[in-house]
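Notes follow the structure.
Residue numbers (my numbering): 10 to 265.
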């Protein structure tokens, strides 16, 4: 029996850390037969409390190749307005086509109303909203009409409830929810589905122990999300089984 994504090519952003959602998505898509073009950007993670190990993206690539996957990894700063179009062009040059686009990369920094300023808003906007939309545009323009095109964006819980102290993040992530339905309507006639996934609180190494314990206490399933939870849903949405699903923001939050 063939794998669900045999012969497909997927572009996945934000594949920098082995315990991140991006790496989990890359592994799951590869396990289903997809060839992968992945972007990563170490300077962002180096500046965060969780950090990134030297050579970590290369380790992800080596792991995927060892399991038989075909993968290309590039370090790309999605805050560069030209990055999206250039990345899609390079991926198509490498693999001949792109069938699946996964907008996973994100920029996040704490910022309540007292700390909010234009520069912080611009940093979030560049990566969380402008880059995904430009990637969608570059992907759609270069993909011939026909069934099988998939756009899947990772969103957050800003549409589910308040997230105080993260104003720039929620404002820009909310834009993903906003464009999903409209872009889906634009691209449906070309055989491209457009969906977003809100994976809920997912343990990718950023949670302080106190926060994790609090979330677990209040979680209907007794745990927080794991990167593989999001990855399995993304792989389903990338497959032919999800051909009738488009324009949806799926709240895959374990009942929370």
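Think of the CB as a built atom: it goes at the ideal place given N, C-alpha and C, for glycine as much as any other residue. These numbers were taken from a predicted model, which means no experiment stands behind them.
- Around the beta carbon of residue 60, fewer than 16 other beta carbons lie within 10 angstroms, which makes this residue exposed.
- Secondary structure note for residue 191: its alpha helix (DSSP H) is the uninterrupted segment 176 to 196.
- By the CB criterion at 8 Å, residue 248 and residue 209 fall outside the cutoff.
- In the three-state reduction of the DSSP assignment, residue 18 falls in the strand class.
- At the C-beta level, residue 111 and residue 22 come within 8 Å of one another.
- When DSSP states are grouped into helix, strand and coil, residue 250 belongs to the helix group.
- Fewer than three Cβ pairs drawn from the segment 170 to 187 and the segment 213 to 223 lie within less than 8 Å of each other, which leaves the two stretches out of contact.
- Relative to residue 15, the option among 24, 109, 237 whose CA is nearest is 109.
- Taken atom to atom, the span from the alpha-carbon of residue 113 to that of residue 99 is near 19 Å.
- Its Cα nearest to that of residue 134, the residue 180 stands out among 166, 107, 180, 149.
- Bounds of the alpha helix (DSSP H) holding residue 30 are 30 to 40.
- Taking residue 142 as the centre and dropping the five residues before and after it, the same chain places no C-beta closer than 6 Å to its C-beta.
- Counting only unbroken stretches of 4 or more residues, the alpha helix (DSSP H) elements lying wholly within the segment 78 to 154 are 92 to 104, 127 to 134, 140 to 151, in sequence order.
- Closest by C-alpha distance to residue 157, out of 97, 246, 34, is 246.
- The three-state secondary structure of residue 46, taken from DSSP, is strand.
- In this model, residue 197 and residue 229 are separated by some 36 Å (Cα to Cα).
- In this structure, the straight-line span from the alpha carbon of residue 118 to that of residue 72 is close to 30 Å.
- Runs of alpha helix (DSSP H) with 4 or more residues, each lying fully within the segment 194 to 229, are found at 218 to 226, listed in chain order.
- In chain order, 40, 41, 42 place their CB closer than 8 Å to the CB of residue 12, counting only its own chain and leaving out the 5 sequence neighbours on each side.
- In this model, residue 129 and residue 212 are separated by some 25 Å (Cα to Cα).
- Apart from sequence neighbours up to five positions away, the residues of its chain that approach residue 200 with a beta-carbon distance below 7 Å are 154, 155, 156, 157, 158, ordered along the chain.
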